[in-house]
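What follows is one structure encoded as C-alpha coordinates, with my remarks underneath.
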Amino acid sequence: GNGLVIANINVGVLYLFAISSLGVYGIIMSGWASNSRYAFLGALRSSAQMVSYEVSMGFVIITVLLCVGSLNLSDIVRAQSGSFWHWHWLPLFPMFVIFFISALAETNRHPFDLPEAEAELVAGYQVEYSSMTFALFFLGEYANMILMGGMTSILFLGGWLSPIDVWPLNVVWLGPVWFILKVFVLMFVFIWIRATLPRYRYDQLMRIGWKVFLPFSLVYLVAVAGFLVAFDKLPKL
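For what it's worth, our numbering labels the leading residue of the sequence shown as 476, then goes sequentially.
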(Lines of atoms letter the chains of each structure in order from A; the text may use other names.)
(Lines give C-alpha, C1' and ligand atoms only; values in the text may rest on other atoms or scores of the structure.)
Protein backbone atom coordinates (compact mmCIF):
# COMPACT_ATOMS: atom_id res chain seq x y z
CA GLY A 476 0.00 0.00 0.00
CA ASN A 477 0.92 3.67 -0.05
CA GLY A 478 3.64 4.12 2.57
CA LEU A 479 4.10 0.34 2.95
CA VAL A 480 6.53 -0.06 0.02
CA ILE A 481 9.76 -1.87 0.95
CA ALA A 482 11.98 -0.63 -1.93
CA ASN A 483 10.62 2.40 -3.80
CA ILE A 484 13.13 2.41 -6.68
CA ASN A 485 12.66 4.76 -9.63
CA VAL A 486 13.27 2.07 -12.28
CA GLY A 487 10.98 -0.55 -10.72
CA VAL A 488 9.26 -1.60 -13.97
CA LEU A 489 12.58 -1.98 -15.78
CA TYR A 490 13.96 -4.05 -12.90
CA LEU A 491 10.95 -6.39 -12.82
CA PHE A 492 10.99 -6.84 -16.60
CA ALA A 493 14.74 -7.61 -16.54
CA ILE A 494 14.39 -10.11 -13.68
CA SER A 495 11.46 -11.89 -15.37
CA SER A 496 13.62 -12.32 -18.50
CA LEU A 497 16.35 -14.22 -16.62
CA GLY A 498 14.26 -17.41 -16.49
CA VAL A 499 15.19 -18.13 -20.12
CA TYR A 500 18.81 -18.87 -19.18
CA GLY A 501 17.88 -21.40 -16.50
CA ILE A 502 15.58 -23.26 -18.90
CA ILE A 503 18.20 -23.37 -21.69
CA MET A 504 20.89 -24.64 -19.30
CA SER A 505 18.56 -27.27 -17.78
CA GLY A 506 17.70 -28.65 -21.23
CA TRP A 507 21.31 -28.63 -22.40
CA ALA A 508 22.66 -30.22 -19.19
CA SER A 509 20.17 -33.11 -19.40
CA ASN A 510 21.96 -34.60 -22.44
CA SER A 511 18.57 -35.61 -23.87
CA ARG A 512 17.13 -34.57 -27.22
CA TYR A 513 13.61 -34.26 -25.75
CA ALA A 514 14.82 -31.99 -22.96
CA PHE A 515 16.90 -29.90 -25.37
CA LEU A 516 14.01 -29.49 -27.83
CA GLY A 517 11.74 -28.51 -24.95
CA ALA A 518 14.28 -25.93 -23.75
CA LEU A 519 14.62 -24.45 -27.26
CA ARG A 520 10.85 -24.24 -27.63
CA SER A 521 10.44 -22.61 -24.24
CA SER A 522 13.18 -20.02 -24.73
CA ALA A 523 11.94 -19.10 -28.25
CA GLN A 524 8.39 -18.76 -26.91
CA MET A 525 9.40 -16.59 -23.95
CA VAL A 526 11.62 -14.29 -26.02
CA SER A 527 8.92 -13.93 -28.72
CA TYR A 528 6.25 -12.73 -26.30
CA GLU A 529 8.58 -10.52 -24.26
CA VAL A 530 8.80 -8.15 -27.25
CA SER A 531 5.03 -7.52 -27.23
CA MET A 532 5.05 -7.20 -23.43
CA GLY A 533 7.76 -4.55 -23.75
CA PHE A 534 5.59 -2.45 -26.07
CA VAL A 535 2.63 -2.81 -23.69
CA ILE A 536 4.74 -1.62 -20.75
CA ILE A 537 6.06 1.34 -22.79
CA THR A 538 2.43 2.32 -23.55
CA VAL A 539 1.61 2.37 -19.83
CA LEU A 540 4.78 4.35 -19.07
CA LEU A 541 3.82 6.92 -21.73
CA CYS A 542 0.50 7.47 -19.95
CA VAL A 543 2.12 7.75 -16.50
CA GLY A 544 5.49 9.38 -17.23
CA SER A 545 7.42 7.33 -14.66
CA LEU A 546 9.16 3.96 -14.24
CA ASN A 547 8.32 3.97 -10.53
CA LEU A 548 5.76 1.31 -9.56
CA SER A 549 4.21 3.54 -6.88
CA ASP A 550 3.75 6.37 -9.41
CA ILE A 551 2.04 3.95 -11.82
CA VAL A 552 -0.42 2.91 -9.10
CA ARG A 553 -1.02 6.51 -7.95
CA ALA A 554 -1.78 7.51 -11.56
CA GLN A 555 -4.78 5.14 -11.37
CA SER A 556 -6.23 6.77 -8.23
CA GLY A 557 -10.00 6.79 -8.01
CA SER A 558 -12.45 3.99 -8.63
CA PHE A 559 -11.93 1.03 -10.99
CA TRP A 560 -12.96 2.98 -14.13
CA HIS A 561 -9.85 5.14 -13.66
CA TRP A 562 -7.58 2.10 -13.89
CA HIS A 563 -5.54 1.51 -17.06
CA TRP A 564 -7.43 -1.64 -18.08
CA LEU A 565 -10.28 0.44 -19.51
CA PRO A 566 -8.50 2.96 -21.82
CA LEU A 567 -5.78 0.41 -22.67
CA PHE A 568 -8.05 -2.65 -22.83
CA PRO A 569 -6.48 -4.20 -26.00
CA MET A 570 -3.02 -3.86 -24.41
CA PHE A 571 -4.35 -5.37 -21.18
CA VAL A 572 -5.56 -8.43 -23.13
CA ILE A 573 -2.24 -8.71 -25.01
CA PHE A 574 -0.27 -8.43 -21.76
CA PHE A 575 -2.33 -11.11 -20.03
CA ILE A 576 -2.14 -13.57 -22.94
CA SER A 577 1.60 -12.87 -23.26
CA ALA A 578 1.94 -13.58 -19.53
CA LEU A 579 0.37 -17.01 -20.17
CA ALA A 580 2.96 -17.66 -22.91
CA GLU A 581 5.79 -16.23 -20.80
CA THR A 582 5.02 -18.60 -17.93
CA ASN A 583 4.49 -21.60 -20.26
CA ARG A 584 0.92 -22.01 -19.04
CA HIS A 585 -2.01 -23.55 -20.91
CA PRO A 586 -2.86 -23.12 -23.79
CA PHE A 587 0.78 -22.21 -24.50
CA ASP A 588 2.47 -25.06 -22.58
CA LEU A 589 4.19 -26.31 -25.76
CA PRO A 590 7.61 -26.85 -24.09
CA GLU A 591 6.13 -29.74 -22.05
CA ALA A 592 3.69 -31.16 -24.62
CA GLU A 593 3.37 -34.77 -23.43
CA ALA A 594 2.48 -36.19 -26.86
CA GLU A 595 5.58 -34.70 -28.50
CA LEU A 596 8.29 -34.09 -25.89
CA VAL A 597 7.35 -36.35 -22.92
CA ALA A 598 7.77 -33.60 -20.28
CA GLY A 599 9.92 -31.05 -22.12
CA TYR A 600 13.07 -29.70 -20.50
CA GLN A 601 12.07 -31.35 -17.17
CA VAL A 602 12.08 -34.92 -18.53
CA GLU A 603 15.43 -35.97 -16.98
CA TYR A 604 14.74 -34.38 -13.59
CA SER A 605 13.03 -35.92 -10.59
CA SER A 606 12.54 -35.44 -6.87
CA MET A 607 13.49 -32.00 -5.50
CA THR A 608 14.95 -30.63 -8.75
CA PHE A 609 11.65 -31.36 -10.53
CA ALA A 610 9.77 -29.66 -7.67
CA LEU A 611 12.01 -26.59 -7.99
CA PHE A 612 11.05 -26.22 -11.67
CA PHE A 613 7.39 -26.19 -10.68
CA LEU A 614 8.10 -23.77 -7.84
CA GLY A 615 9.81 -21.42 -10.29
CA GLU A 616 6.90 -21.70 -12.75
CA TYR A 617 4.31 -20.80 -10.12
CA ALA A 618 6.51 -18.01 -8.71
CA ASN A 619 6.67 -16.59 -12.25
CA MET A 620 2.86 -16.78 -12.42
CA ILE A 621 2.61 -14.74 -9.21
CA LEU A 622 5.12 -12.20 -10.58
CA MET A 623 3.13 -11.81 -13.81
CA GLY A 624 -0.09 -11.51 -11.82
CA GLY A 625 1.50 -8.79 -9.68
CA MET A 626 2.77 -6.90 -12.74
CA THR A 627 -0.67 -7.09 -14.41
CA SER A 628 -2.28 -5.83 -11.21
CA ILE A 629 0.12 -2.87 -10.89
CA LEU A 630 0.08 -1.85 -14.56
CA PHE A 631 -3.64 -2.24 -15.30
CA LEU A 632 -5.71 -3.02 -12.19
CA GLY A 633 -4.69 -0.26 -9.79
CA GLY A 634 -2.22 -2.28 -7.70
CA TRP A 635 -3.16 -1.85 -4.04
CA LEU A 636 -5.98 0.64 -4.72
CA SER A 637 -9.57 -0.13 -3.75
CA PRO A 638 -12.06 -0.71 -6.63
CA ILE A 639 -14.36 1.88 -5.02
CA ASP A 640 -12.64 4.93 -3.54
CA VAL A 641 -14.74 5.30 -0.37
CA TRP A 642 -13.96 4.92 3.32
CA PRO A 643 -13.35 2.36 4.85
CA LEU A 644 -12.40 0.45 1.66
CA ASN A 645 -9.56 2.87 0.84
CA VAL A 646 -7.70 2.82 4.18
CA VAL A 647 -3.92 2.28 3.91
CA TRP A 648 -3.71 -1.05 5.74
CA LEU A 649 -6.22 -2.62 3.31
CA GLY A 650 -3.82 -1.96 0.40
CA PRO A 651 -1.97 -5.31 0.66
CA VAL A 652 -5.33 -7.11 0.95
CA TRP A 653 -6.61 -5.56 -2.31
CA PHE A 654 -3.31 -6.34 -4.08
CA ILE A 655 -3.27 -9.99 -2.95
CA LEU A 656 -6.95 -10.33 -3.89
CA LYS A 657 -6.30 -9.06 -7.43
CA VAL A 658 -3.33 -11.41 -7.87
CA PHE A 659 -5.47 -14.27 -6.53
CA VAL A 660 -8.22 -13.53 -9.09
CA LEU A 661 -5.63 -13.47 -11.91
CA MET A 662 -4.22 -16.83 -10.69
CA PHE A 663 -7.77 -18.22 -10.74
CA VAL A 664 -8.12 -17.09 -14.39
CA PHE A 665 -4.76 -18.77 -15.21
CA ILE A 666 -6.05 -22.08 -13.81
CA TRP A 667 -9.50 -21.60 -15.34
CA ILE A 668 -7.93 -21.18 -18.80
CA ARG A 669 -5.90 -24.36 -18.24
CA ALA A 670 -9.12 -26.32 -17.63
CA THR A 671 -10.99 -24.75 -20.55
CA LEU A 672 -8.86 -24.23 -23.67
CA PRO A 673 -7.06 -26.78 -25.88
CA ARG A 674 -3.32 -26.52 -26.52
CA TYR A 675 -2.14 -24.48 -29.51
CA ARG A 676 0.19 -25.85 -32.17
CA TYR A 677 3.71 -24.41 -32.13
CA ASP A 678 3.29 -22.63 -35.48
CA GLN A 679 0.05 -21.03 -34.22
CA LEU A 680 1.83 -19.88 -31.07
CA MET A 681 4.60 -18.19 -33.04
CA ARG A 682 2.17 -16.68 -35.56
CA ILE A 683 0.12 -15.04 -32.78
CA GLY A 684 3.27 -13.65 -31.15
CA TRP A 685 5.00 -12.25 -34.24
CA LYS A 686 2.18 -11.59 -36.75
CA VAL A 687 -0.66 -10.46 -34.45
CA PHE A 688 0.53 -9.20 -31.06
CA LEU A 689 3.77 -7.52 -32.16
CA PRO A 690 2.34 -5.34 -34.99
CA PHE A 691 -0.86 -4.58 -33.07
CA SER A 692 0.97 -3.52 -29.89
CA LEU A 693 3.36 -1.36 -31.94
CA VAL A 694 0.48 0.36 -33.79
CA TYR A 695 -1.44 0.89 -30.54
CA LEU A 696 1.68 2.35 -28.90
CA VAL A 697 2.10 4.85 -31.76
CA ALA A 698 -1.65 5.67 -31.62
CA VAL A 699 -1.53 6.33 -27.86
CA ALA A 700 1.61 8.47 -28.24
CA GLY A 701 -0.04 10.45 -31.06
CA PHE A 702 -3.20 10.97 -28.99
CA LEU A 703 -1.23 12.19 -25.96
CA VAL A 704 0.78 14.64 -28.09
CA ALA A 705 -2.20 15.87 -30.14
CA PHE A 706 -4.34 16.63 -27.07
CA ASP A 707 -1.41 17.80 -24.89
CA LYS A 708 -2.00 14.97 -22.41
CA LEU A 709 1.63 13.91 -22.05
CA PRO A 710 2.51 13.67 -18.33
CA LYS A 711 4.79 16.41 -17.01
CA LEU A 712 8.11 14.90 -15.97
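Note that CB positions come from ideal geometry on N, CA and C, so glycine has one too.
Bear in mind that the values here come from a model prediction, so they are computed numbers and not experimental data.
query	result
Nearest candidate by alpha-carbon position, reference I494, set W564, P566, E581 and R512	E581
Start and end residues, alpha helix (DSSP H) containing F654	G650 to T671
Spatial distance of Q524 from E603 (CA atoms)	21 angstroms
Three-pair Cβ contact test at 8 angstroms for the region 569-576 versus the region 484-491	no
Where S577 falls, given that 16 or more other Cβ within 10 Å makes a residue buried	buried
Beta-carbon spacing of V658, G625 below 8 angstroms	yes
Local conformation of T608 per DSSP, three classes	helix
8 angstroms Cβ cutoff met for L567 and T608	no
Among M532, A705 and G544, nearest to F691 - alpha-carbon criterion	M532
Buried versus exposed call for Q679 [16 or more other C-beta atoms within 10 Å across all chains shown]	exposed
Reference Y761, options D640, L540 and R520, closest by Cα	Any question about residue 761 goes unanswered here, given that the chain covers just 476 to 712.
From L693, S509, L636 and L703, residue whose alpha carbon lies closest to that of S605	S509
Burial state of F515 (16 or more Cβ within 10 Å)	buried
Between the CA atoms of L540 and V646 - distance to the nearest angstrom	26 angstroms
Where A518 falls, given that 16 or more other Cβ within 10 Å makes a residue buried	buried
Closest residue to F631 among Q555, V699 and V697 (Cα-Cα distance)	Q555
Other residues of its chain near L636: CB distance less than 7 angstroms, five sequence neighbours each side excluded	V552, Q555, S556 and W653
Proximity below 8 angstroms, CB of F559 to CB of G633	yes
Alpha-carbon spacing of L548 relative to L622, whole angstroms	14 angstroms
I655 versus L614: straight-line alpha-carbon distance, rounded	19 angstroms
L579 vs F665 beta-carbon contact at 8 angstroms	yes
Residues near V543 in its chain [Cβ-Cβ closer than 7 angstroms; skip 5 each side]	D550, I551, A554 and P710
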